Amino acid sequence: MKFKEASQKERESMLFPIILKALKKLGGQSNIRDLKKEIALYSDDLGEFIAFEKMSRENNLYRPFDYVLNFSIASLAFADFLFHPERGVIELTEKGRTFNFDHLDVEEDIRKLSNPKWEERKQQKKNHIKVSADVESTDVEIEDEPESDWKDELAKSLEAFTPAKFELFARLLVKKMGVDLDETLGTKLTGDGGIDGFGYLTTGDFRTARVAIQAKRWNGAVSSPEIDKFRGAMDKYNAEYGIFITTSDYTKDAIRASRVGTRVITLINGDKIADLVSKLGIHAKPVTTFVLDNFYASDN
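Here the sequence shown is numbered in our numbering, starting from 33 and rising by one per residue.
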């Protein structure tokens, strides 16, 4: 069954073992963004649904997957498989670290423990009673990371760029990464043999490699045929190295295709673009602020 076609309960049941296995692969702790990236690698179907956006009644875009992930993480917390050590971070408990997920029984191991706590919370809210400390402490809610607002703004801005402006941005990005750009190749919008940029990268041992660049603003995930076509363009220009940049993400097959052969292609998705914009200061400046903790939430 495809994730998109499943019911809410079925989606949660599908996610429970994937979340736990993904956290274990990530060392037992992860922020929400990296956890979602790892979950997306489990299947192309799941990866596409994670990136899927929907319009709300208030005409705001949101991702339905985040809603499912929120409830799944909270249920796993209620069942003592994970907890929320700090804002935007999920961590496995001792039970989560040692449990054999291959023998996970969703109804017995998770829902039997989480359902009573969901019911308790429902009744407390219905009766306008403050949620009890044990429920509040284990209820893991998905929170945006402090810097997520500007990253969302960046993603929307890149989507609104003209093709010419986005290719210009991509060339600036790789230039900041240390690539010495060739001003005669990859500067035209059409007719440049499947590349959007070309340059030379000199490593610490003074070896210089030819680098081909491809930049695409896609709504869906980039598939393996696109990687294969780019590799063909690399052959045309005898490029030893390739950098593929997209505002979306890549399918599992595309990631595999990028690693085939002796010339690995570096894949840069929307999240990595934001990381590089932050790290390299590409038309962006840091702003320091403060976030108050729970001490200020009570009069006593």
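Even glycine gets a Cβ: it sits at the ideal position worked out from N, Cα and C. Source: prediction; values computed, not measured.
In the three-state scheme derived from DSSP, where H, G and I count as helix and E and B as strand, A187 is classed as helix. For S62, the uninterrupted beta strand (DSSP E) run begins and ends at 61 to 63, by DSSP. With fewer than 16 other Cβ atoms inside 10 Å of its own Cβ, E151 counts as exposed. Look at the region 94 to 154 and you find these whole runs of beta strand (DSSP E), each 3 residues long or longer: 114 to 118, 121 to 124.
In the three-state reduction of the DSSP assignment, R242 falls in the strand class, which pools E and B.
In its chain, beyond the 5 residues on either side, K183, L186 have a beta carbon closer than 6 Å to the beta carbon of A306. When secondary structure is reduced to three states using DSSP, I297 falls in the strand class. Put simply, the region 72 to 83 does not touch the region 142 to 158. Fewer than three CB pairs are less than 8 Å apart. Here A286 carries a helix assignment [DSSP, helix/strand/coil]. Positions of the alpha helix (DSSP H) runs, each at least 4 residues long and wholly inside the region 37 to 84, are given as 40 to 57, 64 to 72, 76 to 83 in order along the chain. Taken through DSSP and simplified to helix, strand or coil, V206 comes out as helix.
For Y269, the three-state secondary structure derived from DSSP is coil. Around S104, the same chain offers E44, L47, F48, I51 as residues with beta carbons nearer than 7 Å, after the five sequence neighbours per side are excluded. When secondary structure is reduced to three states using DSSP, I314 falls in the coil class, being assigned neither helix nor strand.
Residue state for K197 is assigned as helix, using DSSP reduced to three classes. Taking T234 as reference, the option from N159, M209, L124 with the minimal CA-CA separation is M209. Counted as a single uninterrupted DSSP element, the beta strand (DSSP E) harbouring F230 occupies residues 229 to 234. Contact between F322 and R249 does not hold, since the beta-carbon distance rounds to 35 Å and is not under 8 Å. Spatial neighbours of V100 in its own chain (CB-CB distance under 6 Å, excluding positions within 5 residues in sequence) are listed in chain order as R43. Rounded to the nearest whole angstrom, the C-alpha separation of S62 and P148 is 27 Å. With a 10 Å radius around the Cβ and a threshold of 16 neighbouring Cβ atoms, H116 comes out buried.
The three-state secondary structure of G252, taken from DSSP, is coil. Distance between E70 and A54, taken at the CA atoms: about 6 Å.
Separation of the CB atoms of R129 and G60 is rounded to 6 Å, and the pair is thereby assigned contact status at 8 Å.
Excluding five sequence positions before and after P96, the CB atoms of its chain that fall closer than 6 Å to its own CB belong to K86, given in chain order. Beta-bridge analysis with DSSP links F276 to Q246, L299. By the neighbour-count definition (other C-beta atoms within 10 Å, threshold 16), E258 is a buried residue.
Take V121, set aside five residues on each side of it, and the residues of its chain with a beta-carbon closer than 6 Å to its own are N63, in chain order.
Burial of Y282 is indicated by the presence of at least 16 other C-beta atoms within 10 angstroms of its C-beta. Residue pairing by DSSP puts D212 in a beta bridge opposite Y232. Less than 8 Å divides the Cβ of G231 from the Cβ of V243.
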